[in-house]
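J.: Numbering (the working numbering), first residue to last: -13 to 339.
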Ligand SMILES: Cc1ncc(C[n+]2csc(CCOP(=O)(O)OP(=O)(O)O)c2C)c(N)n1
Ligand SMILES: [Mg+2]
């Protein structure tokens, strides 16, 4: 196989059909910045909520705001469908999902959280590594069978790319020409395992060639590049040309989750050297240099992010807990004897009835 000519290019990018999309307007650039600030603020607050016992756990996305907001921003929520992992809060926010309902997922008191996947076009968050990819391909093939023009976008990580499911999904999608955008966030880590010990050959994008699918390897810390690449990929898939893979190169600046301690597998010096430039700070400087936004705008964006976080926290705290018996209600459409027995045991042990 040919080596990729530069770190940020595609193996077959020339095969992507369609013209490049319109450049983003100044208003859209400011909107992207506001979204990234809101996500950054909510993300760091969610870690504090976990420490305060408001939510039991959370998977932060510090450093991945450009990849998430940029890709989520490119989704057409009137017809597309997104299949996230456990780390896509920024995608949800950019898609306009109700964030009290979304963050309630991390409170873990009700099946998959309170947002409506059909209405928001965002599937429930998926903790099974690689699981969302299979669902996306199935949904996308359904669009072909129904002669509809929706595109599925599925997220997965560098670590997930070594799961068999991913390869079966990519092969199936390419054979069936399913309209799927495989959006990989290569954030350098699969919990404690660095990409170089996980991804043979060093590039997830390079694998697409084996399935005859175009791939774009992009700077995932450049929000504008992410929007443009995702729009191109959507246009290609929507036009009936089959799936596209995007590998967005980024860096997980924080822990894997609120129960992880990165100090056990990487040093602060390594973090600083490998993380590169902060995507938010980088975008801020670009907007300033281009005269698209000024300090007053940045201050407003931060104030709005803080107000939004307070609203979401209050909403989460107001939810209270749910009756534990509900955990048996939605497992199957028709209950089974085994499940009834488990529910009876649970009632006896937990509620003493
Ligand atoms: C099928 C499966 N295997 C293992 C795990 C445990 N696990 C959770 S996250 C993770 C690493 C995933 O890394 P990556 O795909 O790079 O995504 P990231 O967490 O970096 O966003 C693993 C192994 C799991 N949840 N599901
Ligand atoms: Mg990873």
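Where is the CB? At the ideal position from N, CA and C, for every residue including glycine. All of these numbers come straight from a predicted model, not from anything done at the bench.
Helix, strand or coil for residue 169? Go by DSSP, reduced to three states.
T.: If DSSP states are grouped into helix, strand and coil, residue 169 belongs with the strands.
J.: Taking only beta-carbon positions, decide if residue 54 is within less than 7 angstroms of chain C.
T.: This model lacks chain C altogether, as it is built from one protein chain only.
J.: Can residue 194 and residue 201 be called in contact, C-beta distance under 7 angstroms?
T.: In this structure, residue 201 lies closer than 7 angstroms to residue 194 by Cβ.
J.: Look up residue 140 in the DSSP assignment and give the residues it is bridged to.
T.: DSSP output for residue 140 lists 69 and 168 as bridge partner(s).
J.: Using C-beta distances below 7 angstroms, list every residue in its chain close to residue 190, excluding the 5 sequence neighbours before and after it, in chain order.
T.: So the qualifying residues of the chain are 144, 147, 170, 172 and 233.
J.: By a C-beta neighbour count over all protein chains shown, 10 Å radius and 16 as the cutoff for buried, is residue 93 buried or exposed?
T.: Burial call: buried.
J.: If you draw a straight line from the alpha carbon of residue -10 to that of residue 203, how long is it in whole angstroms?
T.: Only weak support is given to the placement of residue -10: the predicted model assigns it a pLDDT of 35, under 50, and the question is left unresolved by the model.
J.: Given a threshold of 16 other Cβ atoms within 10 Å of its Cβ, counted over all protein chains shown, does residue 2 qualify as buried or as exposed?
T.: Under this definition residue 2 is a buried residue.
J.: Within 10 angstroms of the Cβ of residue 207, are there 16 or more other Cβ atoms? Answer buried if so, exposed if not.
T.: Looking at its Cβ environment, which holds 16 or more other Cβ atoms inside 10 Å, residue 207 is buried.
J.: Spatial neighbours of residue 163 within its chain, please: CB distance less than 8 angstroms, with the 5 preceding and 5 following residues excluded, ordered by chain position.
T.: So the list reads 130, 226, 227, 228 and 229, once near-sequence residues are dropped.
J.: By how many angstroms is the C-alpha of residue 279 removed from the C-alpha of residue 293?
T.: Those two C-alpha atoms are separated by around 21 angstroms.
J.: Could you name the residues of the same chain whose beta carbon sits closer than 7 angstroms to that of residue 224, not counting the 5 residues immediately before and after it, in chain order?
T.: Once the five neighbours on either side are set aside, the close Cβ partners of residue 224 are 135, 137 and 165.
J.: Just to confirm my understanding: we take residue 6, look at its own chain, exclude 5 residues before and 5 after, and list those with CB closer than 6 angstroms. What are they?
T.: Within the same chain, residue 6 has no close Cβ partners at all.
J.: With a floor of 4 residues, list each alpha helix (DSSP H) that falls wholly inside the segment 91 to 125, ordered by position along the chain.
T.: The segment 91 to 125 contains these whole alpha helix (DSSP H) runs: 103 to 106.
J.: Exposed or buried, residue 318, counting other C-beta atoms within 10 Å across all chains shown (16 or more means buried)?
T.: The residue in question, residue 318, is exposed, as its Cβ has fewer than 16 Cβ neighbours within 10 Å.
J.: Within a Cβ cutoff of 6 angstroms, which residues of the same chain sit near residue 312, ignoring the five residues on either side of it in sequence?
T.: Nothing listed; no residue qualifies.
J.: For residue 114, verify whether its CB is less than 6 angstroms away from any heavy atom of ligand 1.
T.: It does: the Cβ of residue 114 is within 6 angstroms (strictly closer) of some heavy atom of ligand 1.
J.: Quick one, which of 123, 84, 114 and 40 has its alpha-carbon nearest residue 106's?
T.: Checking every option, the nearest Cα to that of residue 106 belongs to 84.
J.: Would DSSP call residue 176 helix, strand or coil?
T.: Looking at residue 176 - three-state DSSP - the assignment turns out to be strand.
J.: Anyone know if the C-beta pair for residue 116 and residue 151 falls short of 7 angstroms?
T.: Their beta carbons are under 7 angstroms apart, which means residue 116 touches residue 151 by this criterion.
J.: Should residue 66 and residue 47 be called a contact, given that it needs their Cβ atoms to be closer than 7 angstroms?
T.: No. Outside cutoff.
J.: To the nearest angstrom, how far is it from the Cα of residue 209 to the Cα of residue 75?
T.: Cα to Cα, residue 209 sits roughly 16 angstroms from residue 75.
J.: Where does the unbroken beta strand (DSSP E) through residue 313 begin, and where does it stop?
T.: Where residue 313 is concerned, there is no enclosing beta strand (DSSP E), given that its DSSP letter is neither H nor E.
J.: If I measure Cβ to Cβ from residue 98 and keep anything under 8 angstroms in the same chain, skipping five residues before and after, which residues do I get?
T.: Excluding positions up to five away in sequence, the list reads 91, 110 and 111.
J.: Using three-state DSSP, classify residue 279 as helix, strand or coil.
T.: Of the three classes helix, strand and coil, the one that applies to residue 279 here is coil, per DSSP.
J.: By alpha-carbon positions, which one of 252, 263, 219 and 248 ends up nearest to residue 235?
T.: Ranking the options by Cα distance to residue 235, first place goes to 263.
J.: Report back the beta-carbon spacing between residue 244 and residue 57 to the nearest angstrom; my notes put them in contact at under 8 angstroms.
T.: Wrong, their Cβ atoms sit about 24 angstroms apart, outside the cutoff.
J.: Skipping 5 residues on each side, what residues in its chain have a beta carbon closer than 6 angstroms to that of residue 156?
T.: Answer for residue 156: 197, listed in chain order.
J.: Per DSSP, residue 205 is paired with what?
T.: Residue 205 is bridged to 235.
J.: For residue 161, is the classification buried or exposed, using 16 other Cβ atoms within 10 angstroms of its Cβ as the cut-off for buried?
T.: Counting Cβ neighbours within 10 Å, residue 161 comes out exposed, since fewer than 16 surround it.
J.: Run the proximity test for residue 144: is its beta-carbon closer than 6 angstroms to any non-hydrogen atom belonging to ligand 2?
T.: Within the cutoff, so yes.
J.: Can you say whether residue 309 is buried or exposed, counting buried as having 16 or more other CB atoms within 10 angstroms of its CB?
T.: Under this definition residue 309 is an exposed residue.
J.: Taking only heavy atoms of ligand 1 into account, decide whether any of them is closer than 6 angstroms to the Cβ of residue 177.
T.: It does: the Cβ of residue 177 is within 6 angstroms (strictly closer) of some heavy atom of ligand 1.
J.: Within the same chain, show all residues whose beta-carbon is closer than 6 angstroms to that of residue 122, passing over the 5 residues directly before and after it, in chain order.
T.: The residues are 69, 138, 140 and 166.
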